[in-house]
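Each remark here refers to the structure printed beneath this line.
There are 2 protein chains.
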Amino acid sequence: MKQRIVVLGGGFAGVYVARELEHLAGGRDDLHITLVSQENYFVFQPMLPEVISGTIGLVDVVSPLRRLLPHTDIHVREVEAIDVGRRVVITSPGFRPHAHEIPYDHLVVALGAVTDFRGMRGLPEHAFPFKNLGDALSLRNHIIRSLEEAAVEDDDAELRQQLLTFVVAGGGFSGVEVAAELNDFVRRVARNYRSVDPNEIRVMLLHSQERILPEMPEDLARFAEKILTRRGVEIRLNTRLSAATGVEAILGDGTRIPTRTLVSTVPAFAHPLLESLPLPKAKNGRLEVTRELNVKESDHVWSLGDCAMVPAAEGGFAPPTAQHAIREAAVVAHNIVTSIRGGKRRTFDFRGLGKMGSLGHRSAVAEIFGIKISGFLAWWMWRTIYLMKMPGWGRRLKVAVSWTLDLFLPPELVQLRVGSSRGIGREHFEPGQEVFREGDLGDRVYIIVKGEAEVLKAAQPVARLRAGECFGEMALLNETRRNATVRCAAAMDALSLPKSEFTLLSANLPELRSSFQKMADARNENSVLASKES
Amino acid sequence: MKQRIVVLGGGFAGVYVARELEHLAGGRDDLHITLVSQENYFVFQPMLPEVISGTIGLVDVVSPLRRLLPHTDIHVREVEAIDVGRRVVITSPGFRPHAHEIPYDHLVVALGAVTDFRGMRGLPEHAFPFKNLGDALSLRNHIIRSLEEAAVEDDDAELRQQLLTFVVAGGGFSGVEVAAELNDFVRRVARNYRSVDPNEIRVMLLHSQERILPEMPEDLARFAEKILTRRGVEIRLNTRLSAATGVEAILGDGTRIPTRTLVSTVPAFAHPLLESLPLPKAKNGRLEVTRELNVKESDHVWSLGDCAMVPAAEGGFAPPTAQHAIREAAVVAHNIVTSIRGGKRRTFDFRGLGKMGSLGHRSAVAEIFGIKISGFLAWWMWRTIYLMKMPGWGRRLKVAVSWTLDLFLPPELVQLRVGSSRGIGREHFEPGQEVFREGDLGDRVYIIVKGEAEVLKAAQPVARLRAGECFGEMALLNETRRNATVRCAAAMDALSLPKSEFTLLSANLPELRSSFQKMADARNENSVLASKES
């Protein structure tokens, strides 16, 4: 009877466990390996920021899971639940709406960390996360769209300033690499936008501590600061992002930076699925594992990577990096096989080889076996080492070719839109911010979830709106322009429904239409009363 | 005073008019050129089908407009209206909801044709168009998703058959090229799906006439039929597509082909914007132009390409191909410049050089200067000629490199999802088709726009639903599984609202929630009555 090993997660941790298991399986037929992943590819995370600038092909940073793991059953699904008692994993439905169960004998939880902006004012609505390929492509498209719009809206100075300011929050490896690539990209392509002056472009990096790259020795961090500053990145140290709206980033000291592009690389949380699991967890929500990487008090559930607290040989816990995940994977695979076939278990003893961070255009910082390197040499090492670490020679060849072409071709400038992302939007507004202005085109209707707004006609307030109330539907129902200005009065969260969806719903749900119409009539009456009184 | 020339459309016609105008402008400063395009890139249409198989990089088939047209103002916007009286073009709003006007002295209408499935039962909801890069990428992602799901759903024979059948309707150049690339792609990558047997895969090409490629001589068309058939494409001649649902294609004779992937390359209509223009139009909605390519009865509005009826030198009208559009563009640019600077106008006299169609993997058919060529030589010519015709040597180099790598690397297999495409869906159902089944997970709510559905419990009909009624909300409101089966009773169009959006709306719009609840209660009572009666 085959032992069924189910691996959850398609990052470094999960993929390398499955890979190692495939090797250990050898010619023997006693293991059945299944891997569940949200996407059908593995993202080579260290190169993800290069997608922004397009120095490598848009999909060269990822490898199809099926090619990497030819002997593993791949389920491209989301994990909905884990039933530890019945030993089954329940995955999200595919084309047909029925749940799918995968039974296991051994379970490997490698779900990684997620970006979670909950509780941060305006961030869930307006900040771009930077975690997977979809995030990188969305950000890239948004940057190009901002440049395109800046080129067209040449008579609106306020809007142009918002469009041409790019803010990255978080000065760790990920934030620094994103800021560097973003800066290189916008400055390189700006010359193709005739009406955009390169001096109008601002790229800012916010960091809450007194120097960036806390993972690195101080002199390397200072080197990085110097290089980035010289290239035009404004670094703000000891600065915390406190809130965001669609048009500005608000700092801890109340400073408001007009921007339409805010990227946040912090914070990372344990995967939300772990929360409900009846397994021992640390305070930060990660799973507690032994040095043999089984989850404490369990002999058939294993965990590693960013979702586990892995005890390090030198004390403390292993950092959430790719090199650690890969070594943890080897230990997990070995120990699962020994617990099936017998043999001696291994412990996780890896101490790390070093750290590297790219600074974009031919510069990087690295500390390898205790030796500090910076500048071109570090960049060359960065490229060489990561190229060698990429799985699959086909992918390596493609990346090498792209890097070569990039030496003499201008950067890719195509805005890649796939499908329309209509749907209901969530927006956050801060007091004083205009939602729309009298005379604007009616393009969406708003529903207040929290907070307050005031309605103004000819600069006079005529009504106040609270949670549960809608506005903006009049221009949509009567197909006219906005007949009033609406401004946020108390920090407000709202849903916004695009015109196309509102029209579809109100045409087919008579109740909805009539309730909107009633609301509109009542408000009209009120505002007539209000203007009579005033 | 500069003459303002505004070109609408970023296809071959529009881009080549602007390019030619840039050349003719020379050092003189009397022309101001603006081009309005929906996307910030130009699609090299003849190579679009190659995006499906990924033999070339996903964005190599397009060129950024700003690189092609360095001296033109590019507006990446949609054209909302043309005010012929005031001589302004009104474009869609960007980040801010106000309309944007572009005044012109000369207007070039090159908006092309659009795919329009209106009036075709189920096609607007379920058929994939194939016109622009977004279409090609959506189709590619859908094909990969279908294979992924087929690999997982190994115990549902009916669903697997739907997932592994791919239908292309329309046997002209475009349909043949799409079918060929799709067939090559799915058969090449199928070996990576362990549980998919290549013999389960069906690729069908439907054509309403008695032979495919009506643009070509008969022997070349027969050659193409032979090649495609040998590679596994089932060609159905004299077959018309009459309707579609989410799970099948319905043919003219009533045959139902289970499939989840239906591509239709027909029909193309004139751009809907032309409809309201007070300019002379042919019956098919295209603009009537003279042989000098000004719109009839106008001296400052010009039109060309797929949205104009361009009189051909040999009688009849010029066909809607790239080679014709490029030559028309030269005539339009020349004539606009002469009408500004003086000089003799030209007429459009081009007769066409030949025709070529790729059949995928190293085969093609071509007729050039009356000579017929087929097979490998035609394919080699196809690649060479189109590579030379691509604008920009950077793009040419990239495509040449991709083609070279494709000789020895396996095809790209990454499912590229950008942003979530939630939003309200439209679906079409045919009588007898199940919408959902008792016990399924509740993932969406339906609103009937047209037609009828019946509700069944334990295989007994308990209620009948008509236009304006909703169903499926009970499982969503009470977070349970479907407590009944719903089946289409008379051909039905419905809106479907995903659970996430329904939850957001009903949580924040109390009226909506209560009206859904009332509906649910009433239905429950009825069905209790019905079961008592029975």
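Top line first, the protein sequences correspond to chains A and B.
According to the numbering used here, the stretch in the first sequence is residues 714 to 1247, in order.
According to the numbering used here, the stretch in the second sequence is residues 714 to 1247, in order.
All C-beta atoms, glycine included, are put in the ideal place defined by N, C-alpha and C.
Nearest-angstrom Cα distance between residue i and residue j?
| i | j | result |
| --- | --- | --- |
| B/HIS984 | B/VAL822 | 10 Å |
| B/ARG953 | B/GLY965 | 5 Å |
| B/GLU1246 | B/LYS1170 | Because B/GLU1246 carries a pLDDT of 47, less than 50, the predicted location of this residue cannot be relied on, and the following value inherits that uncertainty. Distance between the alpha carbons of B/GLU1246 and B/LYS1170: 14 Å. |
| B/VAL749 | A/LEU1218 | 32 Å |
| B/GLN1128 | B/PHE843 | 18 Å |
| B/GLU923 | B/ARG949 | 9 Å |
| B/GLU752 | A/HIS819 | 49 Å |
| B/VAL719 | B/TYR817 | 6 Å |
| A/ALA826 | A/HIS784 | 27 Å |
| A/GLU988 | A/ALA1025 | 24 Å |
| A/TYR754 | A/PRO1104 | 12 Å |
| B/VAL902 | B/PRO1124 | 7 Å |
| A/VAL1168 | A/GLN1230 | 18 Å |
| A/GLY1029 | A/VAL1044 | 18 Å |
| A/GLU890 | A/PRO762 | 6 Å |
| A/LEU1122 | B/MET1094 | 26 Å |
| A/TRP1106 | A/ALA1113 | 10 Å |
| A/ARG831 | A/PRO980 | 10 Å |
| B/ALA726 | B/PHE1063 | 15 Å |
Between which residues of its own chain and residue i is the CB-CB distance below 7 Å, once the five residues before and five after are set aside?
| i | result |
| --- | --- |
| B/ASP1153 | ARG1194, ARG1195 |
| A/GLU838 | ARG1139, GLU1140, HIS1141 |
| A/ALA1243 | For A/ALA1243, the predicted structure reports a pLDDT of 49, less than 50, and the residue's modelled location is therefore unreliable. A value from the coordinates is still provided. Counting only Cβ-Cβ distances below 7 Å, and skipping sequence neighbours, we find VAL1175, ALA1176. |
| A/GLY835 | ALA956, ALA957, THR958, HIS1141 |
| A/SER1011 | LEU992 |
| A/GLN874 | PRO971 |
| A/LYS1057 | THR1051 |
| A/GLU961 | ARG969, ILE970, PRO971, THR972 |
| B/CYS1183 | VAL1158, TYR1159, ILE1160, PHE1229, MET1232 |
| A/GLY1067 | ALA1079, GLU1080, ILE1081, PHE1082 |
Report the option in the options whose CA atom is closest to the CA atom of residue i.
| i | options | result |
| --- | --- | --- |
| A/VAL920 | A/PHE886, A/SER908, A/VAL899, A/ARG904 | The question names Val, but residue 920 of chain A is His in the sequence shown. Ranking A/PHE886, A/SER908, A/VAL899, A/ARG904 by Cα distance to A/HIS920 puts A/PHE886 first. |
| B/GLU1186 | B/ALA1233, B/THR1198, B/GLU1147 | B/ALA1233 |
| A/ARG907 | A/VAL1014, A/GLU862, A/GLU928, A/HIS1047 | A/GLU862 |
| B/PHE982 | B/THR974, B/ARG969, B/ASN997 | B/ASN997 |
| B/GLY1070 | B/PHE1082, B/GLY1056, B/ARG1064, B/GLY1088 | B/GLY1088 |
| A/LEU990 | A/PRO980, A/LYS1009, A/VAL979 | A/LYS1009 |
| B/VAL797 | B/ALA1197, B/TRP1015, B/GLU938 | B/TRP1015 |
| A/ARG1054 | A/PHE725, A/PHE936, A/GLY723, A/ALA738 | A/ALA738 |
| B/ALA937 | B/GLU1027, B/ILE1086, B/MET833 | B/ILE1086 |
| A/GLU735 | A/LEU782, A/GLY767, A/GLY723 | A/LEU782 |
Go through its chain and collect everything with a Cβ distance to residue i's Cβ below 6 Å, but skip five positions before and after it.
| i | result |
| --- | --- |
| B/ALA882 | LEU919, LEU954, SER977 |
| A/TYR729 | ILE1039, ALA1042 |
| B/PHE841 | LEU852, VAL976 |
| B/GLY888 | VAL881, THR978 |
| B/ILE803 | GLU793, ALA794, ALA812, GLU814 |
| A/LEU877 | ALA863, GLU913, ILE914 |
Could you check how far apart the C-beta atoms of residue i and residue j are, in whole angstroms? I think they sit under 8 Å.
| i | j | result |
| --- | --- | --- |
| B/ILE765 | B/PHE879 | About 10 Å separates the two Cβ atoms, so there is no contact after all. |
| B/VAL792 | B/LEU721 | 5 Å |
| B/HIS788 | B/ILE769 | The pair is not a contact, with the Cβ atoms about 28 Å apart (cut-off 8 Å). |
| B/SER1115 | B/ASP786 | The Cβ separation is near 32 Å, so there is no contact. |
| A/ILE925 | A/GLY884 | 4 Å |
| A/GLU1143 | A/ALA1202 | Their Cβ separation, rounded to whole angstroms, is 10 Å, which puts A/GLU1143 and A/ALA1202 out of contact at 8 Å. |
| A/VAL909 | A/ASN896 | A/VAL909 to A/ASN896, Cβ: 15 Å. No contact. |
| B/ALA1031 | B/VAL1023 | 4 Å |
What residues in its chain sit with their C-beta under 8 Å from that of residue i, if we drop five residues either side in the sequence?
| i | result |
| --- | --- |
| A/GLN716 | ASP743, LEU744, HIS745, ASP818, HIS819, ILE1053 |
| A/ALA995 | GLU1001, MET1022 |
Report task. Tell me, please, whether the region 1049-1060 of chain A touches the region 1069-1076 of chain A by the rule of three or more beta-carbon pairs shorter than 8 Å. Result -> no
Query - Stretch pair the region 736-750 of chain B + the region 846-854 of chain B: three plus CB contacts closer than 8 Å - result: As far as the Cβ criterion goes, the region 736-750 of chain B does not touch the region 846-854 of chain B, which means the pair count is below three.
Query raised in the report: Using 8 Å as the Cβ pair cut-off and three pairs as the minimum, do the region 1215-1229 of chain B and the region 1220-1230 of chain A touch?
Result: yes
Requested in this report: Could you tell me whether the region 1197-1214 of chain A touches the region 1155-1166 of chain A, using the rule of 3 or more Cβ pairs below 8 Å?
Outcome: yes
Report task. Could you say if the region 766-783 of chain B and the region 806-813 of chain B meet the contact criterion of at least three C-beta pairs nearer than 8 Å? Result -> no
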